[in-house]
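Notes for the one structure printed next.
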Amino acid sequence: MILATLKGIVVAIIVSLFALLQQASNPSFYAVGRKPNKPVFRLLSDKHPDDVTTPGLLMVRIEGRMFFANAQRIQEKIFNLQEGMELKVLG
Numbered sequence: 002m003i004l005a006t007l008k009g010i011v012v013a014i015i016v017s018l019f020a021l022l023q024q025a026s027n028p029s030f031y032a033v034g035r036k037p038n039k040p041v042f043r044l045l046s047d048k049h050p051d052d053v054t055t056p057g058l059l060m061v062r063i064e065g066r067m068f069f070a071n072a073q074r075i076q077e078k079i080f081n082l083q084e085g086m087e088l089k090v091l092g
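Just so you know, my numbering puts the end of the sequence shown at 92, numbered straight through with nothing missing.
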């Protein structure tokens, strides 16, 4: 109401673009475990203590796109998540 209709639409578009850029640069990220006897993976939490994990293997899920602009941030999150774990390299 303060701005004219066209100016309000332009402001809304700009705010939406900034929100989209922030969401794309910082996607949701968490470790997952497998539901027992099912091919279903879900967030590791205290609600599901019986979820299956493999010692030495960290499985993660990134909810969003990974591209050159956010790859460094995702790498840092993976390194922070693996601290204190004894991971093995398979291959």
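Even for Gly, the Cβ is constructed at its ideal location relative to N, Cα and C.
Start-to-end residues for the beta strand (DSSP E) that takes in residue i
| i | result |
| --- | --- |
| Ala-32 | 29-35 |
| Arg-74 | Note, Arg-74: premise wrong, no beta strand (DSSP E); alpha helix (DSSP H) at 72-83. |
| Val-61 | 61-64 |
Rounded separation between residue i and residue j - CA only
| i | j | result |
| --- | --- | --- |
| Ile-63 | Gly-9 | 34 Å |
| Gln-73 | Tyr-31 | 16 Å |
| Ile-79 | Ala-70 | 16 Å |
| Gln-23 | Met-86 | 30 Å |
| Phe-19 | Met-67 | 18 Å |
| Asn-27 | Ile-75 | 8 Å |
| Ala-5 | Ser-17 | 18 Å |
| Leu-59 | Gln-83 | 7 Å |
| Val-11 | Lys-36 | 47 Å |
Which residues DSSP lists as bridging residue i, in chain order
| i | result |
| --- | --- |
| Val-41 | Note: Val-41 sits in no beta bridge, so no partner. |
Supposed close pair residue i, residue j - CB separation, criterion 8 Å
| i | j | result |
| --- | --- | --- |
| Leu-34 | Asp-52 | Checking the sequence shown, residue 34 turns out to be Gly, not Leu. Yes, Gly-34 and Asp-52 are in contact; Cβ-Cβ is about 3 Å, under 8 Å. |
| Gly-65 | Lys-89 | Actually they are not in contact, since the Cβ atoms of Gly-65 and Lys-89 sit about 28 Å apart, beyond 8 Å. |
Delimiting residues of the alpha helix (DSSP H) encompassing residue i
| i | result |
| --- | --- |
| Ala-13 | 6-26 |
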